[in-house]
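No gaps in the numbering here: position 72 of the sequence shown is 72 in the numbering used here, and each next residue is one more. We treat Cβ as the ideally placed atom computed from N, Cα and C, and that holds for glycine. All of these numbers come straight from a predicted model, not from anything done at the bench. A short write-up of the structure that comes next.
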Amino acid sequence: MPTFFVFGRSNCWVGAEVADVIQQVGDAAARVASSYGLEIFDVQFRREAQGMVLRVQIDRPGAAATAEESVSVEDCARVSRDLSAILDVEDVVPTAYTLEISSPGLDRPLRRADDYRRFAGRRAKIVMREKVDGQGFFKGKLGGVEGTNVVIEGDDRKTHRVPLDVITRANLEVEF
């Protein structure tokens, strides 16, 4: 694991300490989220202009194709309230911080094979570190996963198979 430091006003944390906070917060957040039928998408703890920020992204399992099926403001408020109480009682974060609870958003990142399966039929942009079919990125409709390849019907109307291990970044595209 790489060593990194987070500097506060009166403290300096080694990367392992930050990783420990992230792990403990993630565990607590997962307990809270699951009680509302949600899951944790990401946990970050970092120094920003306004101070230390603990950012937790929650998600609803399933396709989340419509606004009614995605994470709501009320979901974020409930998780924020409950998680804040747990973090205060367990004293997980030994410094002042701002807690932010949000969803991954409409243009959410795609990270795992399950994400590409889950959002099959939706538009996405996939960026690769190696060219595939002569291109460095594709935009188009996701077709799921075949073996270790993501299938995407590109805007060029051709079906492309992109190895998961060459994808550097992928996001859903906002559809109107």
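Using DSSP's beta-bridge definition, name the partner residues of residue i.
{"i": "I101", "result": "V56"}
{"i": "T159", "result": "E153"}
{"i": "R46", "result": "V53"}
{"i": "A170", "result": "I126"}
{"i": "P109", "result": "N171"}
Are the CB atoms of residue j and residue i within a distance shorter than 7 Å?
{"i": "G144", "j": "A120", "result": "yes"}
{"i": "G26", "j": "V43", "result": "yes"}
{"i": "L83", "j": "V18", "result": "no"}
{"i": "L110", "j": "V174", "result": "no"}
{"i": "K79", "j": "Q24", "result": "The amino acid at residue 79 is misidentified as Lys; the sequence shows Val. Cβ distance not < 7 Å, so V79 and Q24 don't count as in contact."}
{"i": "A229", "j": "V56", "result": "Because the chain is modelled from 1 through 176, residue 229 falls outside the range shown and cannot be assessed."}
{"i": "V21", "j": "F41", "result": "no"}
Considering only C-alpha positions, which residue in the set the options is nearest to residue i?
{"i": "T148", "options": "P109, E100 and V166", "result": "V166"}
{"i": "E130", "options": "L164, T95, A29 and R111", "result": "L164"}
{"i": "R112", "options": "R169, V132, D88 and S72", "result": "R169"}
{"i": "A77", "options": "I58, I126 and R31", "result": "I58"}
{"i": "Y116", "options": "G136, G134 and L142", "result": "L142"}
{"i": "E201", "options": "R108, T98 and V73", "result": "The question about residue 201 has no answer, for the chain in this structure spans 1 to 176."}
{"i": "I101", "options": "G140, E146 and E74", "result": "E74"}
{"i": "A124", "options": "D133, F137, D114 and V132", "result": "F137"}
{"i": "G140", "options": "K158, R46, G134 and A29", "result": "K158"}
{"i": "R118", "options": "V150, V89 and G51", "result": "V150"}
{"i": "L172", "options": "I152, D156, R161 and L87", "result": "I152"}
{"i": "Y36", "options": "S72, E90 and F45", "result": "S72"}
{"i": "S103", "options": "Q135, E69 and D156", "result": "E69"}
{"i": "F176", "options": "I40, D88, V53 and R122", "result": "R122"}
{"i": "V182", "options": "H160, D156, R60 and R108", "result": "Outside the shown range of the chain (1 to 176) lies residue 182, about which nothing can therefore be said."}
{"i": "V127", "options": "D156, V162 and E90", "result": "V162"}
On the DSSP letters alone, give me the boundaries of the alpha helix (DSSP H) that residue i sits inside.
{"i": "L87", "result": "V73 to E90"}
Residue range of the beta strand (DSSP E) that residue i falls in?
{"i": "R118", "result": "It is not in any beta strand (DSSP E) - R118 instead sits in the alpha helix (DSSP H) that spans A113 to R118."}
{"i": "E146", "result": "Q135 to E146"}
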